[in-house]
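Asks: Quick note: the sequence shown, position 99, residue 109 per our numbering, numbers continuous. All residues carry an ideal CB built from backbone N, CA and C; glycine is no exception.
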Amino acid sequence: MKEKLANAYGRVKDALKGVWRRHWLKISIVTLVAAFLFVYFWNNIVISIDSGSQGIRWSRFSGTAVDEIHGEGLNLIWPWDRMYIYSTRLQTQGDTMFILSSEGLTVRVEFSFRFHALKDSIPTIHKKLGVDYATSFVKNEVEAASMAIIGNFTPQELCKMPSLVIQSTIKFYLSKQLLEENVVMDDYLIRKISLPDQVSGAIERKLVAAQLSE
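Here is the structure:
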């Protein structure tokens with residue numbers, strides 16, 4: 011048995027040597043071209059995904075591979091395909107908005123919010139919302155909810171009402187809206203509400219008058 015294997019190995023080895031002697035130039039050229047192409051397209055073939063992220067492969071021939079999620083580490087794809095990388099970590103954003111109150115006065119609101127994409131739901135998010143979903147979807151939803159809810163109150167009501175009540179209302183609304191698209195709203199925080207000068211001045215005068223009357 012060992013002798014047969016040795017003979018077979020010898021025949022294969024001799025055949026390969028014969029192929030090499032007859033076609034060494036072609037083999038060398040093909041090898042060099044393949045090596046050059048691999049190095050040239052390295053960044054399109056070898057994709058590094060950091061921890062806390064997931065990759066979605068887009069195929070030029072079949073579109074988004076919704077049943078295929080690439081985890082952290084090195085991943086290999088065809089050079090004509092693309093890899094879109096999404097963070098699954100908690101993300102924080104902040105903004106300042108000028109919102110019309112129920113009386114038509116402008117209120118300045120500074121807020122921040124935290125959210126994250128549901129793990130293993132990245133393919134669906136990519137197909138429905140796109141790689142810039144944090145801006146095109148999440149931020150727009152937060153701004154719309156802030157305008158709709160805060161705009162229902164008068165400046166005087168906003169001054170008296172605890173921020174926690176408004177925050178909880180906005181977060182509750184956003185949690186339902188975002189979860190429908192596989193995004194979790196972790197927190198919504200109002201940092202500051204600035205009332206119009208005429209309103210804040212009137213409130214201050216009222217407080218001073220109340221103190222003097224005591």
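Fully enclosed by the stretch 70 to 122, which beta strand (DSSP E) runs are 3 residues long or longer?
Replies: Whole beta strand (DSSP E) segments, 3+ residues: 83 to 86, 92 to 97, 101 to 110.
Asks: With a 10 Å radius around its C-beta and 16 neighbouring C-beta atoms as the bar for buried, classify residue 195 as buried or exposed.
Replies: Answer is buried; the Cβ neighbour count reaches 16.
Asks: So residue 192 and residue 127 are supposed to be a Cβ contact under 8 Å. How far apart are they, rounded?
Replies: About 7 Å; that satisfies the 8 Å criterion.
Asks: So residue 184 and residue 152 are supposed to be a Cβ contact under 8 Å. How far apart are they, rounded?
Replies: Contact flag correct, Cβ pair sits at about 6 Å.
Asks: How would you label residue 44, buried or exposed, when you count the other beta carbons within 10 angstroms and need 16 or more for buried?
Replies: It is exposed - the Cβ of residue 44 has fewer than 16 other Cβ atoms within 10 Å.
Asks: Exposed or buried, what is residue 39 when buried is set at 16 or more other beta-carbons lying within 10 Å of its beta-carbon?
Replies: With fewer than 16 other Cβ atoms within 10 Å, it is exposed.
Asks: With a threshold of 7 Å on Cβ separation, who are the neighbours of residue 63 within its own chain once the five nearest residues in sequence on each side are excluded?
Replies: Excluding positions up to five away in sequence, the list reads 82, 95, 96, 97, 98.
Asks: Kindly indicate which three-state DSSP category residue 193 falls into: helix, strand or coil?
Replies: Three-state result, residue 193: strand.
Asks: How is residue 249 classed by DSSP in three states: helix, strand or coil?
Replies: Because the chain spans 11 through 224 in this model, residue 249 falls outside it and cannot be assessed.
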